[in-house]
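57 is the number that our numbering gives to position 57 of the sequence shown; each next residue is one higher, with no gaps. Glycine included, C-beta positions come from ideal geometry on N, C-alpha and C. Since the structure comes first, as structure tokens, the remarks are kept for the end.
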Amino acid sequence: MGNVFTIPNLISFIRLLLIPYFWWVLMVEDRVGLAAALIFFIGSTDWIDGYLARRLNQVSRLGTILDPVADRLMIASGLVAGLIAGVLPLWFGVLTIAREIIVSIASLVSYFQRRAIVVSSAGKVATFMIYGAMPCFYLTTVDIAPWLFGPPGWICAVLGLVIYWYASFDYVAGMVRGSATEAT
């Protein structure tokens, strides 16, 4: 777990580097479609870096930190920028940001208490759904086909938030019991 120069870590690092570009594309260039594509790409590579880390036996301490940090920052960026740009429903942004704050605080507490943080399956599914909802909501504001992206966005958002909050409560309860699992 000592090597930091791995393919999964490179992918996570690229994901982090794309976040400022995402902000530029959405907030300066007002290219909502490209911003949605970046969210989709960064969300897709979240799964890829984890898969490669396990498949290539390249799990590293840095990767276990870098991957969730990239997720937290991209999801927070997608939410905050999306709310500012008016491309996300307020209810979705507020509920997701509130959950992110709670889990981030709980993760910091676990880290400083030197507790192992294990990613839960529910957290992975919820993160996938949130990564699916955001670009769909973004694309409903573009002139391509709002009716095509609205329903999947709502389905992903509602299911994702239910699972997200369930995973969060499970994570916090695990912390209290002394066996934390991260609710990515």
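Simplified DSSP state of residue i, which is helix, strand or coil
| i | result |
| --- | --- |
| V87 | coil |
| V119 | strand |
| A76 | helix |
| I56 | Contrary to the premise, residue 56 reads as Leu rather than Ile in this sequence. Correct three-state label for L56: coil. |
| T64 | helix |
Range of the contiguous alpha helix (DSSP H) that encloses residue i
| i | result |
| --- | --- |
| R31 | Taken as a continuous stretch (DSSP letters only), R31 belongs to no alpha helix (DSSP H), as it is neither H nor E. |
| N9 | 7-23 |
| S60 | It is not in any alpha helix (DSSP H) - S60 carries neither H nor E in the DSSP assignment. |
| I163 | 146-177 |
Span separating the alpha-carbon of residue i from that of residue j
| i | j | result |
| --- | --- | --- |
| M134 | L79 | 8 Å |
| V4 | W147 | 44 Å |
| A98 | P151 | 24 Å |
| S12 | V176 | 30 Å |
| N57 | I7 | 11 Å |
| L73 | S44 | 15 Å |
| T64 | G153 | 29 Å |
| F128 | A76 | 14 Å |
| L10 | Y171 | 28 Å |
| I101 | A122 | 18 Å |
Exposure of residue i, with buried meaning 16 or more beta-carbon neighbours within 10 Å
| i | result |
| --- | --- |
| V158 | exposed |
| Y21 | exposed |
| I26 | Looking at the sequence shown, residue 26 is not Ile but Leu. Result: buried. |
| I105 | exposed |
| F169 | exposed |
| A53 | buried |
| L108 | exposed |
| V103 | buried |
| L38 | buried |
| L66 | buried |
| G132 | buried |
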